[in-house]
Amino acid sequence: MVNTKPVFPKTPVASWATLNSANTGKDGSGTVATIFTAGADGARVDAIKVRALGANVATVLRIFINNGLVNSTPANNILFHEVTCPVTTANEAAAQNDTWLNFNGIDLPQLVLPPGYKINVTIGTAVSAGLAVSAIGGSYTG
1 MVNTKPVFPK TPVASWATLN SANTGKDGSG TVATIFTAGA DGARVDAIKV
51 RALGANVATV LRIFINNGLV NSTPANNILF HEVTCPVTTA NEAAAQNDTW
101 LNFNGIDLPQ LVLPPGYKIN VTIGTAVSAG LAVSAIGGSY TG
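The sequence shown maps to residues 1 to 142 in full-length UniProt numbering.
Shown next as structure tokens:
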């Protein structure tokens, strides 16, 4: 049977991780940070935000979709998107710039995950202050 009415998430999800260490792999294996896990009935990811926590060298943020199994098996992961993170300088007089990835059809298509799927992230170059990466969305179960 096909849904004929909109389906909305039941439980809001806000989760995050801080990244400092490099992982140069492009297959989602190695050390990753999980920033979102879909519930038993799946989930919708509305946005991912990247924020420098101070002075950092330039790096790339890699976003992987994982099928809910171990990420050490490359076939369980797909490189979904990359974001360039520029050099940042610690500053007490001006805010750091945030990078928002919105899954609303403007920046990226809406991202709906099957049950148990995960969003894992890595950075390509080690950074000293760190990058805070957060995900906002909702799970279809409570």
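Where a beta carbon is used, it is the ideal one built from N, C-alpha and C, also for glycine. Here the structure is a predicted model, which is why all the values come from computation and not from measurement.
To the nearest angstrom, how far is the alpha carbon of residue i from that of residue j?
i	j	result
residue 152	residue 28	The structure shown does not extend to residue 152, since the chain is modelled only from 1 to 142, so the question has no answer here.
residue 67	residue 98	28 Å
residue 30	residue 54	25 Å
residue 115	residue 65	12 Å
residue 78	residue 26	9 Å
residue 76	residue 15	21 Å
residue 50	residue 112	20 Å
residue 57	residue 87	5 Å
residue 84	residue 101	12 Å
Go to residue i, then tell me how far its beta strand (DSSP E) extends in each direction, as first and last residue.
i	result
residue 37	33-37
residue 46	43-52
residue 64	59-66
residue 82	77-85
residue 137	131-139
For residue i and residue j, which I take to be in contact (beta-carbon distance under 8 Å), what is that distance rounded to the nearest angstrom?
i	j	result
residue 135	residue 45	6 Å
For a quick check, are the C-beta atoms of residue i and residue j less than 9 Å apart?
i	j	result
residue 82	residue 63	yes
residue 213	residue 119	Because the chain spans 1 through 142 in this model, residue 213 falls outside it and cannot be assessed.
residue 133	residue 71	no
residue 59	residue 127	yes
With three or more C-beta pairs closer than 8 Å as the rule, is the segment 7-14 touching the segment 133-140?
yes
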